[in-house]
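Some notes on the structure that comes next.
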Amino acid sequence: VLLCSVGARTSKQRIESQDITEQHKIPREQHRSERNHHNLFIMGNSMSWFSNLLFSKKEIRILILGLDNAGKTTLLYRLKVGEVVTTIPTIGFNVESVTYKNLNFNVWDLGGQTSIRPYWRCYYANTAAVIFVVDSTDIERLHTASEELSAMLNEEELKDAALLVFANKQDQPGAKGAGEISEALRLGELRDRNWSIMACSAVDGSGVNEGMDWLVQTVNQD
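The sequence shown begins at 648 in my numbering and counts up one residue at a time.
In structure tokens, the structure reads:
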């Protein structure tokens, strides 16, 4: 965790008047008033600049979760660079800043191995949305994916987070469609949750933008 402190410099400007004749002297009260207005103007501009610095780059926190080998890291770098990159199983996490449709996202891709999943909750705070990635060809582990998703959504810190499910690997033979994945994950039982599911392939990019368009619209409403 990086703790950043921003210090603001202040400068005192001394206005000296030398060799001013008596008739051209400015009354002390008027001089003080003009100087105060000048300082307020500088301070106002400084605060405006400081506010822009703080808030213009505000990032929306997104988690990419799912079982191991679901394609989470491939999806992350599809969003980041727009193409497929060589990945290895994530032990821990990857984090990237991603800009999509003029929104800045802080995207965390967390490892999905059995030993790592209990630590997902360490990253839930201040999360606006969860992208849950499912390997649509891994039929045997759909029940496990459903259990992990249900446990995650029951966490208090994620009660207001939007949910986007990507039924990934649609480019591979035997992939189940979004409807079948939705049924397996029991998405229809969700209440008081903004959610959507999109069939996609993180490899060829199909369906990714459509899912992200929904996510952008949803987090913008919040």
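Using N, Cα and C, we set each Cβ at its ideal position, and we do this for glycine too.
About 10 Å separates the CB atoms of L757 and V777; that is not less than 8 Å, and the two are not in contact. Within the model, the alpha-carbon separation for Q760 versus I709 is close to 19 Å. The stretch 717 to 730 and the stretch 836 to 850 touch, with three or more beta-carbon pairs separated by less than 8 Å.
From the listed residues M799, V780, E795, the smallest Cα separation to I844 is found for V780.
In the DSSP annotation of this structure, the continuous segment of the beta strand (DSSP E) that includes S843 starts and ends at 842 to 846.
Beyond the five residues adjoining it in sequence on each side, R768 comes within less than 7 Å, by CB distance, of E802 in the same chain, given in chain order. Collapsing the DSSP output to three states places E857 in a helix. Note that the stretch 728 to 746 does not touch the stretch 790 to 797; fewer than 3 beta-carbon pairs, one per stretch, sit closer than 8 Å. K823 counts as buried, since at least 16 other C-beta atoms from the protein chains shown sit within 10 angstroms of its C-beta.
For S829, the uninterrupted alpha helix (DSSP H) run begins and ends at 825 to 832, by DSSP.
Assignment of beta strand (DSSP E) within the stretch 751 to 795, counting only whole runs of 3 or more residues, yields 776 to 782 in chain order.
Following the DSSP letters along the chain, one finds V812 inside the beta strand (DSSP E) bounded by residues 809 to 815. Note that the C-beta distance between E706 and N751 is below 8 Å.
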